[in-house]
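First up is the structure itself, then whatever we jot down about it.
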Amino acid sequence: MSSAVRMVQDEGGGPGVLHRPVCRVLQAHHAQMATVHMRDLFAADPARFERFSLRVGELLLDYSKNRITGDTMSLLERLAEEADVAGWRERMFAGDKINHTENRAVLHVALRNRGNFPVKVDGEDVMPKVNAVIERMGAFAERVRSGEWRGYTGERMTDVVNVGIGGSDLGPQMVVQALKPYRHPRLKMHFISNVDGAHVKEALEALNPETTLFIVSSKTFATQETMTNAHYAREWFLAQSQATGHIARHFVAVSANRDAVAAFGIDPAHMFEFWDWVGGRYSLWSAIGLPIVLVVGAERFAELLEGAHEMDEHFRHAPLAQNMPVILALLGIWYNNFFGAESHAILPYDHYLRSLPAYLQQADMESNGKSVDRDGRVVDYSTGAIVWGASGINGQHAFYQLLHQGGRMIPADFIVSVEPHTELQAHHDILFAHFLAQTEALMRGRTREETQLEMGSPEGGSAQTGQFVQHKVFDGNHPSNALLLQKLTPHALGMLIALYEHKIFVQGVIWNLNSYDQWGVELGKQLASRILPELQAAAPVTGHDASTSALINYYRRMRRPHAGL
Ligand code: F6P
């Protein structure tokens with residue numbers, strides 16, 4: 008589908024909320040804004056920063072470097088109103104089964120409901136069981152952290168290995184990395200997700216089974232990659248410990264599937280439960296966050312939850328026009344559906360947040376990477392953006408060239424802390440200067456006249472003929488948001504993650520999607536389970552397309568012979 012088609016249609020008639028009357032007005036407004044340069048908007052309005060920035064607790068959002076005016080935001084807010092964002096928001100918080108294709112409530116907000124007000128699913132208040140699991144996690148973590156919990160030879164645990172994938176890996180991994188300055192001095196955390204044997208092999212190589220604790224993390228306890236790695240880890244452990252009775256001190260599970268945990272051989276007493284109303288990619292606040300509690304402690308985990316709760320409260324109660332997740336969501340819609348932007352970059356200027364882009368990739372793309380709306384109709388507008396990114400400062404020396412001069416619109420979020428965790432203030436000033444320089448350069452660009460002037464200056468090399476001037480011109484007008492944290496504390500991190508979760512929610516509502524199922528990951532799993540035995544088949548395989556069959560047969564011929572898979 009061409010990007011023109013995937014933007015809002017000129018002529019209505021197709022399904023979906025983007026055919027609301029306000030979208031026509033927005034489209035006309037876009038036609039005016041398409042030629043407006045942000046440089047001129049800033050020149051015309053010295054109060055632009057005040058107008059388009061917002062502070063929630065320790066988070067500051069500057070969204071003034073966007074291709075917007077007050078009218079743009081008013082129209083986008085009207086779109087949010089017409090799509091009934093407020094109504095859907097209440098439905099989510101109230102525990103309605105808004106994940107209708109799986110008949111599930113969507114209640115990650117209950118996991119950090121620090122106000123502890125009742126949240127009902129099927130008439131039952133879920134808060135007592137939420138609180139009980141948080142307490143169990145804290146008590147268990149404390150035993151491991153204090154050294155009271157010992158391995159089968161009486162040694163204290165030194166290493167914890169989380170075996171999980173997707174939401175059962177990315178969230179805890181990102182948070183454990185982000186909160187490294189708060190880590191326990193003895194416990195080292197490892198994450199195994201990839202079914203490429205190199206991952207588990209390499210991770211276990213350096214570990215001692217006597218002092219290693221495994222967390223098998225899987226909502227379903229059926230994910231092939233996780234179960235394969237978990238079985239390997241179990242064998243690795245038993246090879247040395249020799250007795251299945253020792254498993255109890257070295258393996259715990261996090262799951263919503265008690266029977267499968269028992270079948271694996273983990274005592275359900277060592278299982279930390281969560282529920283079907285916690286989506287995998289929204290689960291770090293649940294028992295899936297056990298690695299976080301082990302590494303930073305129950306108190307810090309509570310601060311993370313409190314930060315998320317503060318953002319939940321803001322999202323739930325602030326008017327749309329001053330609502331941070333709503334604003335981010337609307338800006339995304341503006342670029343995606345009206346300017347035809349295909350992707351969105353996440354650029355943390357913080358070494359500890361370097362895994363945030365990968366985390367948000369799953370959160371966003373698995374949620375809104377859909378083209379069938381809630382009513383089962385194929386949409387004719389673009390939905391979830393391609394989310395990508397990396398540490399910003401490293402990106403400057405890698406992919407920023409394309410951001411500046413590649414000719415595409417790639418809206419970007421720059422994320423940075425005011426206070427660093429190290430005492431290296433000079434480093435931090437440099438980091439901060441670069442973050443500012445990039446957002447300024449993306450916004451302002453550099454005109455031909457400015458470039459010529461610079462090239463004529465002694466620094467620019469006056470001897471140059473000017474034939475390269477055009478190469479050095481920057482169009483600018485590239486939108487970006489700046490998100491400033493006071494410091495990357497557990498609380499601030501909780502706020503930041505919840506901010507993005509709600510942004511994704513709002514966009515899903517406006518696109519009329521169910522953001523909480525993930526049918527798109529199923530077909531590949533299904534086909535892989537058919538292909539796996541074929542890789543060992545005695546006779547050549549023919550039942551696929553010519554390419555797939557040929558590749559299967561090539562692999563059969565060329566792989567190392569071995570007894571079985
Ligand atoms: O395949 C996608 C997915 O279902 C994700 O949504 C989920 O986070 C991941 O797999 C892991 O699932 P589980 O926790 O059940 O192992």
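Heads up: the sequence shown at position 208 corresponds to 215 in this note's numbering, and the numbers run straight through without jumps. We put the beta carbon where it would ideally sit given N, CA and C, even for glycine. Nothing here was measured: the structure is a model prediction, and the numbers come from that model.
Name the DSSP beta bridge partners of I422, please?
P355 and L490
To the nearest angstrom, report how far apart I559 and Y523 are at their CA atoms.
34 Å
Simplified DSSP assignment, three categories, for R27
coil
Residues in its own chain within less than 7 Å of Q514 by CB, not counting five upstream and five downstream?
A336, G339, I340 and N375
When DSSP builds the beta bridges, which residues end up paired with K127?
D132
For A260, does the three-state DSSP call read helix, strand or coil?
strand
Between the Cα of A93 and the Cα atoms of H321, E131 and A51, which residue gives the shortest distance?
H321
Tell me whether V425 is buried or exposed, calling it buried when 16 or more other Cβ atoms sit within 10 Å of its Cβ.
exposed
Return yes when the Cβ of L449 is within less than 8 Å of the Cβ of H485, no when it is not.
yes
Among residues of its own chain, excluding the 5 on either side of V516, which ones have a beta-carbon nearer than 6 Å to its beta-carbon?
A90, V92 and W95
Compute every distance between the C-beta of S153 and the non-hydrogen atoms of ligand 1, then say whether any falls below 7 Å.
no
Quick one: any contact between the region 548-565 and the region 143-162, if contact means 3 or more CB pairs under 8 Å?
no
Under a CB-based cut-off of 8 Å, is L558 close to chain B?
In the structure shown, chain B does not exist; there is a single protein chain.
Can you grab the Cα-Cα spacing for the pair A35 / R55, in whole Å?
23 Å
Look at V140 and F279 and say whether their C-beta atoms are less than 8 Å apart.
yes
Excluding sequence positions up to five away, which residues of its chain have a Cβ less than 7 Å from the Cβ of S362?
Q180, M181 and Q184
I need the DSSP call for D436, collapsed to helix, strand or coil.
helix
Three-state secondary structure (DSSP) at S200?
coil
By how many angstroms is the C-alpha of Q477 removed from the C-alpha of A112?
55 Å
For the beta strand (DSSP E) that contains R58, what are its first and last residues?
Taken as a continuous stretch (DSSP letters only), R58 belongs to no beta strand (DSSP E), being part of the alpha helix (DSSP H) at R55 to R58.
Residue burial classification, D357 (beta-carbon count within 10 angstroms, cutoff 16):
buried
Taking the alpha helix (DSSP H) that D504 falls in, what are its first and last residues?
It is worth fixing the name first, because residue 504 is Ile in this sequence and not Asp. Its alpha helix (DSSP H) spans residues P497 to I517.
What are the boundary residues of the beta strand (DSSP E) that F221 is part of?
T219 to S224
If you draw a straight line from the C-alpha of L186 to the C-alpha of I299, how long is it?
9 Å
Helix or strand or just coil, what does DSSP make of L520?
coil
Only counting the same chain, and skipping five residues up and downstream in sequence, which positions put a Cβ closer than 8 Å to that of R265?
P275, M278 and E280
Does the separation of the CB atoms of F198 and D176 fall below 8 Å?
yes
For E508 and Y359, which I take to be in contact (beta-carbon distance under 8 Å), what is that distance rounded to the nearest angstrom?
Contact flag wrong, Cβ pair sits at about 20 Å.
Okay, do the region 40-59 and the region 292-309 touch, 3+ Cβ pairs below 8 Å being the bar?
no
Under 7 Å from any heavy atom of ligand 1, does the C-beta of T233 make it?
yes
Residue closest to G61, alpha-carbon to alpha-carbon, out of Y366, M331 and M318:
For clarity, residue 61 is Leu in the given sequence; the question names Gly instead. Here the closest residue by C-alpha is M331.
Helix, strand or coil: how does DSSP classify A470 here?
Unreliable placement is indicated for A470, whose pLDDT of 48 sits below 50; the coordinate value is still reported in the next sentence. Three-state result, A470: coil.
Using alpha carbons as the reference points, say which of H238, K479 and G122 lies closest to M462.
K479
By alpha-carbon positions, which one of G122, P53 and F345 ends up nearest to A587?
Nothing can be reported for residue 587: it is not among the residues displayed for the chain, which extend from 8 to 572.
Report the rounded CA-to-CA distance for G483 versus R415, giving the unit in angstroms.
11 Å
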